[in-house]
Amino acid sequence: MKPYNYEDIERRWQKNWFDSKIYESKRNDKQKFFIHFAYPGVSGYLHVGHMRGFTYCDIIARYKRMQGYNVLFPAGFHASGIPSIGFAKKVERKDPITINSLREYGLSDEEIEKLKDPYEVVKYFGNVYVEDYWKRFGFLIDYSRSMSTISPGYKKFIQWQFYKLKEKNLLVQKQHYAPFCPNCGPVAVDKSETDISTGGNAEILEFTVIKFLMDDGTILPAATLRPETIFGVTNMWVNPDVVYVKIKIMGEIWICSREAARKLNYQYDDVEIIDEEIPGTHLIGKKCRIPIVDREVPILPGIFADPEVATGIVMSVPAHAPYDYIALVETGEPIKPITIIDIPELGEKPAAKVCDELNIHSQKETEKLDEATDIVYKKEFHTGVLNDLCMEYAGMKVSSAKEEIKDRLLSSNQALTMREFSEEVICRCGEKVVIKQIPDQWFIKYSDEKLTNESIKHVEKMNIYPIEYKEELPGVLEWFDDRACIRKGSWLGTEFPFKEGWIIEPISDSTLYPIYYIISKYVNEGKLLAMDMTEKFFDYIFLGKGTAKDALWGEIRGDVLYWYPVDINLGGKEHKTVHFPVFIMNHVAILPEEMRPNGIFVHWWVTQKGKEKISKSKGGVTHIAEAAKIYGVDAMRLYYSHVGSPFVDIEWDPSTVIIYKNRLANLYSLIYNILSIDGGENKHIDRWLKSMLNRRIKNIVEAFDEYNLRVAANEIFFEMQKDINWYIKRGGKNKTILQYYVESWLKMMTPITPHIAEELWHIRYESFISNAEFPTYDEKLFSMEDEIKEDLLQGLIEDIQEILKVTKITPKRICIYTTPKWKQTVTKKIFELEGKGKLDMSNLMREILTDEDMKKKAKEISKFAGKIINEMRKIQDKQRYTIDIDETIFLKEETSYLESLFNCDIEIYPADSKDIYDPKGKSSFASPFRPAIYIE
RNA sequence: GCAGGGGUAGCCAAGUCUGGUCAACGGCGACAGACUCAAGAUCUGUUCCUGUAGAGGUUCAGGAGUUCGAAUCUCCUCCCCUGCACCA
-18 MKPYNYEDIE
-8 RRWQKNWFDS
2 KIYESKRNDK
12 QKFFIHFAYP
22 GVSGYLHVGH
32 MRGFTYCDII
42 ARYKRMQGYN
52 VLFPAGFHAS
62 GIPSIGFAKK
72 VERKDPITIN
82 SLREYGLSDE
92 EIEKLKDPYE
102 VVKYFGNVYV
112 EDYWKRFGFL
122 IDYSRSMSTI
132 SPGYKKFIQW
142 QFYKLKEKNL
152 LVQKQHYAPF
162 CPNCGPVAVD
172 KSETDISTGG
182 NAEILEFTVI
192 KFLMDDGTIL
202 PAATLRPETI
212 FGVTNMWVNP
222 DVVYVKIKIM
232 GEIWICSREA
242 ARKLNYQYDD
252 VEIIDEEIPG
262 THLIGKKCRI
272 PIVDREVPIL
282 PGIFADPEVA
292 TGIVMSVPAH
302 APYDYIALVE
312 TGEPIKPITI
322 IDIPELGEKP
332 AAKVCDELNI
342 HSQKETEKLD
352 EATDIVYKKE
362 FHTGVLNDLC
372 MEYAGMKVSS
382 AKEEIKDRLL
392 SSNQALTMRE
402 FSEEVICRCG
412 EKVVIKQIPD
422 QWFIKYSDEK
432 LTNESIKHVE
442 KMNIYPIEYK
452 EELPGVLEWF
462 DDRACIRKGS
472 WLGTEFPFKE
482 GWIIEPISDS
492 TLYPIYYIIS
502 KYVNEGKLLA
512 MDMTEKFFDY
522 IFLGKGTAKD
532 ALWGEIRGDV
542 LYWYPVDINL
552 GGKEHKTVHF
562 PVFIMNHVAI
572 LPEEMRPNGI
582 FVHWWVTQKG
592 KEKISKSKGG
602 VTHIAEAAKI
612 YGVDAMRLYY
622 SHVGSPFVDI
632 EWDPSTVIIY
642 KNRLANLYSL
652 IYNILSIDGG
662 ENKHIDRWLK
672 SMLNRRIKNI
682 VEAFDEYNLR
692 VAANEIFFEM
702 QKDINWYIKR
712 GGKNKTILQY
722 YVESWLKMMT
732 PITPHIAEEL
742 WHIRYESFIS
752 NAEFPTYDEK
762 LFSMEDEIKE
772 DLLQGLIEDI
782 QEILKVTKIT
792 PKRICIYTTP
802 KWKQTVTKKI
812 FELEGKGKLD
822 MSNLMREILT
832 DEDMKKKAKE
842 ISKFAGKIIN
852 EMRKIQDKQR
862 YTIDIDETIF
872 LKEETSYLES
882 LFNCDIEIYP
892 ADSKDIYDPK
902 GKSSFASPFR
912 PAIYIE
């Protein structure tokens, strides 16, 4: 036996597979299967967590290929968008973590220098992904079709997609608000903080700015997230320490903070400061009128009114807003809060009650006040109802009144909307990021009713794993709104064909791409140039419109018809609400029905202990190549497929991976041992093994067919090993059947652990097991009788062990009493009658008592039958009880096995024979499949 | 807020759709034994409670219900996690 040197084994077989190009897919007569994973963004080195989904994809692809499908499994890179630029920027500003990781990976300073260029970043990582990750894991990806989304050909493809969307009226222009830096232009607010230095978690909030009219006609604009509380306004708050400004906006005169004026200027046209100096103190004591309710309220000093937030002016609703309540208490003004929302839990004065509970006394206790605000808001929003003070809105739920009141204020020009970040966002240049209006932003109209409905209808026909996601999808599609599809700024991608200088954003350029894998092969071979990829070309090859310009067009059209649609698009759960919906909708929008996707497979994540994201600082192995070295690729593949179902998050746990590694090493030597066994046949146990093998194959094929990868892995790597161990333990040593078993077993291991399987296969064979046919089962080889016998024996052994455990006897002799004939007859009869649906006590007794001998035992029989009938309910596999086996003969044959097991004398007696040794009268307990036992 | 997923023995994690073979797959950890100079690996057994005869008792977040029978079905409550759009 050669030692199990997994690294050598992996490298050797990978080289052999790739040298003989078994991964390349070509059109032929066989049925096709097209699978791919959502291509990864290019954002740096990946870690072991990312390999989970890729591995699932390879397992499925390999299984399908062994089942005789012509499998297409391509892969590419999603290079568009921010990530590669972000990476290049980090290199440029010498971000120490980034530079360090590159050095650690073995890059020279010159090589690092080159990565200041985002295109170099894509090139470099593209290579790392293919060579160090995918090939290193033995994936039979069709590498001849590799592609990236920033290649010239891909861009032509995306432009074609947008021509088609336009044709179908699915591109629309409307107003939009986007993050913007006054110095740098458009910026992205995202968690990776590529463009910005703080505020990656910020959300855009929509404030309603309500216009309060002062005596002199000036407007005091108060911003709120709760317009429905307008009925409870008792006063206004301005900050006495702030100097406000007077502005002209859309023909009106407003007073607001300087910061607010700046922000409004980006969201509305014609904003102009006309008076620089309105100290807050000058406003205090004046009055203004509340719209709708038309009541006059005083302006009071409130130091919590932050000039940085919205307009810097706050309307006061002390009954329902903790900040307002506390401020009112602090000013000592004799103003009574006006309660306008009925909510039993919080009583008459909700804000006061919660402030009291949290023990808040000052406007400066912002943390507690925020908590109080949150509590009141949530309760009121969900369960609150507006009361009699709210005019025609009385009795309405807060959640619906809110929208109605807001719409009324907006449409009557008594308010407008102002967008604001939930937290401060600072650009990398140091400037504050604002929200800017884009009057004519292009959108993909995913809200389109026809498109939505057709997509929902298509989902019904799809194979979606897990099923829960299939049920969720219609709701997601319904909810999916128009999506801004282009932007300006630092961003890689395809030029938008209808507006110069704008780039298509990366969600929108990654929806239809699986079809591009069909042509990327010709691009890579140099047969197809970007300049030839005209609208006519795509129309012809994808839609069959027009005529083929040349033979190549015809060939590609043939490929498209053969390979498309996609059978499985596999991706992580992060894709559920964005990528998969647009993947479906773009196919539905553009391609004919027969080319729409057949299936989606969603997998969950690998997390660090305690549900954290994997990171090196937390002790996770980041580099995939490093992990491959420590654990071995097959061990990792087995770990991914077995440690949990694909539809739960799994925790990365190095010690568990080691267990799998040991398990494989063990399996490796076990198989060598099995193959060295050279013995003759033993009819019963040989038939048993054959029966079990066929049963396992059935289970495994069924599991794989439903992509139940964990079940398949469990059967192959655990149950089958248990079976073969039992066979050997029971004295099985039939060389022919062992050989056959191992060969079938190796084939079934191949999708999950291809390297070790290939290695062991080559002990006897020259061909690739990766190209072999997956085993099939033959139900005729199921042998119920032999299985029952082994079950009987196992049950007996367990019973003896339990008795030994409880009694702590060291056995000198064990007597086993098999079932008396009559009990077997009665049991069989019961199951027979049950099968015919005629089971009842009188029927049973009538039939049994036709036998004269039985009549003598009538009383005993009825008692026993009653017990069996009662127990029978629990038994599902009833068929096996109708099979007759002679327990005595069988167990007598196995006496020597039992003797070696318990190291004492074993005596087998039929319970109904006259001449037996039974000092404790145990034999009366014997029943079918449950021999009685006496130990001394 | 909107939407989705989940809570199973010391831990991880199957089972839930299709109720009965479920004291509940598998793995880890722990304990005992074998092997070994030793360690590791491997193998055997035990691991909810009780029990000197293969049994009984109490469990699957909590509560209520349906049923001959519920981890599985229904309703309510509590707790945890995830996604939400110009980030991929």
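Throughout the first sequence, residue numbering follows this note's numbering, covering -18 to 917 in sequence. Cβ atoms here follow ideal geometry from the backbone N, Cα and C, with glycine treated the same way. Remember, predicted model here, so these are calculated numbers, not experimental data.
Hey, how far is the Cα of residue i from the Cα of residue j?
| i | j | result |
| --- | --- | --- |
| M701 | L533 | 50 angstroms |
| R84 | V72 | 12 angstroms |
| F362 | A159 | 28 angstroms |
| M377 | V366 | 6 angstroms |
| N579 | V629 | 23 angstroms |
| H665 | E888 | 21 angstroms |
| H623 | W544 | 31 angstroms |
| I781 | H743 | 44 angstroms |
| Y688 | R(-7) | 29 angstroms |
| L327 | S381 | 20 angstroms |
| L264 | L493 | 59 angstroms |
| S42 | I737 | Going by the sequence as given, residue 42 is Ala instead of Ser. About 18 angstroms. |
| C410 | I416 | 16 angstroms |
So for residue i, helix, strand or coil by DSSP?
| i | result |
| --- | --- |
| V29 | helix |
| S343 | coil |
| Y688 | coil |
| P160 | strand |
| C371 | helix |
| F582 | strand |
| Y249 | coil |
| S908 | strand |
| Y225 | strand |
| C269 | strand |
| P562 | helix |
| N(-14) | coil |
| T731 | coil |
| L879 | helix |
| G776 | helix |
| D171 | coil |
| C410 | coil |
| F749 | coil |
| G600 | With a pLDDT of 46 at G600, under the threshold of 50, the modelled position of this residue cannot be trusted; read the value that follows with caution. Here G600 sits in coil by DSSP. |
| H743 | coil |
What residue from the options has the CA that sits closest to residue i's CA?
| i | options | result |
| --- | --- | --- |
| I496 | L542, G482, K480 | L542 |
| H28 | E607, A907, R677, I697 | E607 |
| C371 | G49, I211, A616 | I211 |
| W460 | E430, D196, A169, T475 | E430 |
| W218 | V170, G293, S178 | G293 |
| I319 | A302, A241, A353 | A302 |
| G918 | S65, D(-11), R8 | For the chain, the structure presents residues -18 to 917; residue 918 sits outside this window and is missing. |
| R400 | P208, I185, L825 | I185 |
| K554 | I255, T189, K116, L454 | L454 |
| Y503 | E574, E815, I914, S125 | S125 |
Mind checking residue i: buried by the 16 CB within 10 Å criterion, or exposed?
| i | result |
| --- | --- |
| A291 | buried |
| Y306 | buried |
| I581 | buried |
| I448 | exposed |
| Q156 | exposed |
| Y(-13) | buried |
Extract the residue ranges of the beta strand (DSSP E) inside the stretch 453 to 536, only unbroken runs of 3 or more that lie entirely within it. Secondary structure remark: continuous beta strand (DSSP E) runs of at least 3 residues inside the stretch 453 to 536: none found.
In chain order, each alpha helix (DSSP H) run of at least 4 residues that lies wholly inside the stretch 809 to 839: As far as the stretch 809 to 839 is concerned, its whole alpha helix (DSSP H) runs of at least 4 residues are 822 to 829, 833 to 836.
Note down, one range per segment and in chain order, each beta strand (DSSP E) of at least 3 residues found wholly within the stretch 193 to 221. Runs of the beta strand (DSSP E) inside the stretch 193 to 221: 200 to 205, 216 to 219.
Any alpha helix (DSSP H) of 4 or more consecutive residues that is wholly inside the stretch 33 to 102: Complete alpha helix (DSSP H) runs here, min 4: 64 to 73, 77 to 85, 90 to 95.
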